[in-house]
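First up is the structure itself, then whatever we jot down about it.
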Amino acid sequence: MSIYIIAEAGVNHNGDFATACQLIDAAKAAGADCVKFQTFQAKSIVSASAEKADYQKLTTTGHSQLSMLEQLELPFSAFIELKAYCDSKKIDFLSTPFDLESIAFLDTLDMPFWKIPSGEITNLPYLLTIAQTKKPVVMSTGMSELDEIQAALDVLTRHGTPKITLLQCNTEYPTPFEDVNLRAMQTMRERFQVDVGYSDHTEGIAIPIAAAALGATVIEKHFTLDRNMAGPDHRASLEPDELTAMVTGIRRVEKALGDGEKRVSKSEKKNLGIVRKSIVAGCAILEGERFTESNLAVKRPGTGVNPMRWFEILGTTAKHDFKKDELIDFNGR
């Protein structure tokens, strides 16, 4: 099964529908499987007094989360159109809901699964509502301990979620490399016996590609049309050409992982005779002479007797004269 690549547009449309459509075009052109947005009603998810995160303070105006999110909010009707546009472009549409009304709305859009963000992993009413739709879930685990993840899994599975994939994630934008902890993917896979993946907020494309090599089944990465745009997530996002490079890198790693069976590959079979070696005459050898370590050598090409049969050749007699470097066959002929 191919790694499922989610191009996270998020709120990088800055509240503009035309920009959201351009993000869909860019995700499709990059080769992503899916483009994901965020659906919310700002007044339903933050209070007027909620402060912004430090990284948001650096990249947005206004003092509160509420004022920031109100500028980034799209109406439900826009997501209906974005879903139709994705369908026309043959790329999966996905949007993360942040409130119960958004869950009810998005459930009408026939999304392939739910994407639960890190911040909702302890939101019991939210988890119950998601579970009752009986759709698969991909859940980010930023800021979470194992017992919190277990509690969320228990709620989801007990109330109808058929399949869950856990994503290792760090919610700092951008994430310091020393805080990524990719090996936590393997810990969660072993502990919870589920598929795992990675939601990335680091700079660049190296870490998502590394996640592919470590067995991620889903990889999510923020992208933007222009990293210099105003908004909370642009600076930790890839630009379109970088998104293309990330997808290409992941697909190459995916091919390179192979099936784990050690064998001679199709591409290298032709090199066997060129790169391996054979037993040859180390000097001129006359008919009747015994083969010894002094008059034999091991050299390319590998089209003669395999050097692993060295001791079978030693002590036998040459059946004819050999020139230096001439291949020795097992019968001395």
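Here the sequence shown is numbered in this note's numbering, starting from -17 and rising by one per residue. Backbone N, C-alpha and C fix where the C-beta goes; we use that ideal spot for every residue, glycine too.
Notebook entry, point to check: With a Cβ-Cβ cutoff of 9 Å, do VAL137 and LEU54 count as a contact?
Noted result: no
Note to self: Can you tell me which residues form a DSSP beta bridge with LEU148?
What the structure shows: MET121 and VAL178
Notebook entry, point to check: Leaving out five residues before and five after PRO79 in sequence, what residues of the same chain have Cβ atoms less than 6 Å from its Cβ?
Noted result: THR21, ILE85 and LEU88
Item checked: Segment limits, beta strand (DSSP E) that includes SER77 -> 74 to 79
Note to self: Just to confirm before moving on: does the CB-CB distance between ILE(-13) and GLU202 stay below 9 Å?
What the structure shows: yes
Margin query: One question on the structure: do HIS183 and PRO222 come within less than 9 Å of each other, judged by their Cβ atoms?
Written below: no
Notebook entry, point to check: Where does ASP(-10) land, buried or exposed, given buried means 16+ other C-beta within 10 angstroms?
Noted result: Strictly speaking, residue -10 in this sequence is Glu, with Asp absent from that position. Under this definition GLU(-10) is a buried residue.
Item checked: Contact check, PRO289 vs ILE256, beta carbons under 9 Å -> no
Check: By the 10 Å Cβ neighbour count, where 16 or more other Cβ atoms means buried, how is ASP208 classified, buried or exposed?
Finding: exposed
Note to self: For the structure I just gave you, are there three or more beta carbon pairs, one from the segment 164 to 175 and one from the segment 93 to 100, closer than 8 Å?
What the structure shows: no
Notebook entry, point to check: beta strand (DSSP E) containing LEU309: first to last residue?
Noted result: No beta strand (DSSP E) holds LEU309; DSSP gives it neither H nor E.
Check: Which term fits LYS252, buried or exposed, when burial requires 16 or more other beta carbons within 10 angstroms of its beta carbon?
Finding: exposed
Notebook entry, point to check: By Cβ distance, which residues of its chain are closer than 8 Å to ILE73, with the 5 residues on each side in sequence left out?
Noted result: ILE6, ALA9, LYS10, ALA14, ASP15, CYS16 and VAL17
Check: Going by the CB atoms, is the gap between PRO107 and ILE146 shorter than 9 Å?
Finding: no
Margin query: What would DSSP say about TYR155, mapped onto helix, strand or coil?
Written below: coil
Checklist line | Cut-off 7 Å between Cβ atoms - residues of its own chain near ASP307, not counting five sequence neighbours on either side | finding: VAL262, ALA263 and LYS281
Item checked: C-alpha gap between MET228 and TRP292, whole angstroms -> 49 Å
Margin query: Among the candidates GLY197, GLY(-3), ALA212 and VAL162, whose CA atom is the shortest distance from the CA of ILE232?
Written below: GLY197
Next item on the list: Give the range of the alpha helix (DSSP H) segment to which THR226 is assigned.
Entry: 222 to 239
Next item on the list: For the segment 54 to 117, list the alpha helix (DSSP H) runs that are entirely contained and at least 4 residues long, ordered along the chain.
Entry: 58 to 71, 82 to 88 and 106 to 113
Margin query: Quick check: what's the CA-CA separation for ALA66 versus ALA0?
Written below: 14 Å
Margin query: Beta-carbon within less than 6 Å of ILE295's beta-carbon, same chain only, minus the 5 sequence neighbours each way: which residues are those?
Written below: ILE261 and PHE273
Checklist line | Opening and closing residue of the alpha helix (DSSP H) in which LYS10 lies | finding: -1 to 12
Check: Taking DSSP as the reference, what is the three-state secondary structure of ILE256?
Finding: helix
Note to self: Any heavy atom of the ligand FMN closer than 8 Å to the beta-carbon of ARG209?
What the structure shows: This structure lacks the ligand FMN, and indeed carries no ligand of any kind.
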